[in-house]
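Numbering (my numbering), first residue to last: 13 to 349. Glycine residues also receive a C-beta, built at the ideal position from the N, C-alpha and C atoms.
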Ligand code: AHG
Ligand code: MN
Ligand code: MN
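What follows is the structure in C-alpha cells.
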C-alpha cells in the first residue's frame, strides 16, 4: 500500500509552488521564493492572530490609517510582518498597503522583479469579537528596466502575476492562483507541523449559487436598481429566494462565495458614492481569483480586472461570485429587469 496516494496528500504549499504546480515561471526561482515568503508571513500573522486575545494586541492604537479608520494593533503587526518578510530575499522592489499612505520602497535593484499590494488585516471590525478576518495580497511584475514608483502599482488587475488571501477562520487557509490556466488552490495550516497542506485543489465556483451576501443595513442608501435586485433575490418577485449570509469581512464572505457559489455585493451607496472596497488590494485580488475559478467580478456592470487604477487607495463597488448570479445583478443595473 503506498504511503501517499497519488492525490498528493501531505503536499505542502512550499512543495506545490516549488514543483511548478502553480505555473510560476520556475526559471529563476524568484517568483517561487516570493510566494514562499508570503506563505511564511502568513504563518507569522496567523500566530499573532491566534494570540491576539491573549497578547493584548486588541484595542485601538489610537492611530488612524489613510482611510480615516482607527487602526487596531493587529493591523499594524500584520503590516510590519508582511513588509519585513517581503523585504527578505531581494525579489520584491516595493509594497503598497492599506496601512501606508504611499508606496514603501524596498530596492530598485533590477533583480527585484515584483511589487506586492496587500490588505494586511481585512475585517478589522471583527478582530475583537473573534470573527474570521484575513489578509489579501496581489503580485505584479515590474516591466524590464522600470524604475519603481506608485505608477508601477497602477495596473489593471488583469495584469496580476498572482493573487491570494489568508483566512484566519476556524482554521487558517491560504488560497492563491497565478491565473486561469493553473487554477485556484487552497492550503490549510497545521499548527502542529507549521505547514500549509493542500486541502482544496483546483477550486471551481458553481455556475449559479443559492446565497447572497450584502450589508442590508445600507438598504436606504442604495440606488433603485440595487433595491430592485435585492427584492428579487429575496423572492419578493418571480425569483426563488436565496439564503442570506454576511460576515462583514470581505475575505470570509468572498471565500464562502468562492467555495459555495452565489453572489457577494458591496455596491456604491449614498454614504460611499465611489464604493467602500479598495480596488488594488481588495477588489482586484478577489476578482482575479474568482475569474480563475470560473466566476465573475464586476463593479456592477464593468469587469473589475479591466478598471484602470488612478490611485493606490481608490475605492470601487464590487460584485463577485457565480457567473450567472453576477450577470443577473448586472441585468438589474442595466434596467433590463
Ligand atoms: P478592512 O478591515 O481591511 O478595512 O476591510 C473591511 C471591509 C471588508 O472586509 C468588508 O467586506 C467591509 O469592510 C464590510 O463593510 P461594512 O461593515 O460597511 O459592511
Ligand atoms: Mn479590507
Ligand atoms: Mn485592512
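When the options are compared against residue i, the one with the closest alpha-carbon
i	options	result
residue 175	213, 225, 127	127
residue 234	345, 132, 246, 100	345
residue 193	25, 35, 153	35
residue 323	290, 314, 48, 199	290
residue 269	242, 292, 221, 260	221
residue 79	315, 47, 313, 114	114
residue 109	294, 130, 50	130
residue 149	141, 133, 272	133
residue 212	198, 204, 223	198
residue 255	263, 163, 261, 246	246
residue 147	111, 27, 341	111
residue 1	340, 260, 319	Not covered by the structure: residue 1. The range shown for the chain is 13 to 349.
residue 239	273, 186, 349	349
residue 154	88, 119, 204	119
Distance CB(residue i)-CB(residue j) smaller than 8 Å
i	j	result
residue 61	residue 86	yes
residue 336	residue 248	no
residue 327	residue 286	yes
residue 180	residue 145	yes
residue 168	residue 25	no
residue 329	residue 278	yes
residue 46	residue 151	yes
residue 91	residue 172	no
residue 314	residue 262	no
residue 64	residue 97	no
residue 272	residue 340	no
Cut-off 7 Å between Cβ atoms - residues of its own chain near residue i, not counting five sequence neighbours on either side
i	result
residue 202	209
residue 347	237
residue 16	Here the model assigns residue 16 a pLDDT of 46, short of 50, so the residue's position is not dependable, and the following value carries that caveat. Counting only Cβ-Cβ distances below 7 Å, and skipping sequence neighbours, we find 22.
residue 258	225, 226, 227, 265
residue 206	55
residue 123	102
residue 42	103, 125
residue 100	49
residue 288	278, 327
residue 299	169, 309, 316, 317, 332
residue 253	246, 247
Beta-carbon contacts of residue i that lie in its chain and below 6 Å, excluding the five residues immediately before and after
i	result
residue 230	281
residue 196	189, 215, 301, 304, 305
residue 13	Legend: pLDDT at residue 13 = 48, less than 50; position of this residue unreliable, no value from coordinates given.
residue 166	321
residue 184	58, 201
residue 158	none
DSSP beta-bridge partners of residue i
i	result
residue 207	202
residue 332	276, 309
residue 184	180
residue 129	108, 150
residue 290	327
residue 255	223
residue 315	310
Proximal residues to residue i (C-beta, below 8 Å), its chain only, five neighbours per side dropped
i	result
residue 338	275, 307, 308, 309, 310, 331, 332
residue 121	102, 105
residue 342	310, 312, 313, 331
Residues near ligand 2, CB to any non-hydrogen atom under 6 Å, in chain order?
-> 131, 134, 262, 294
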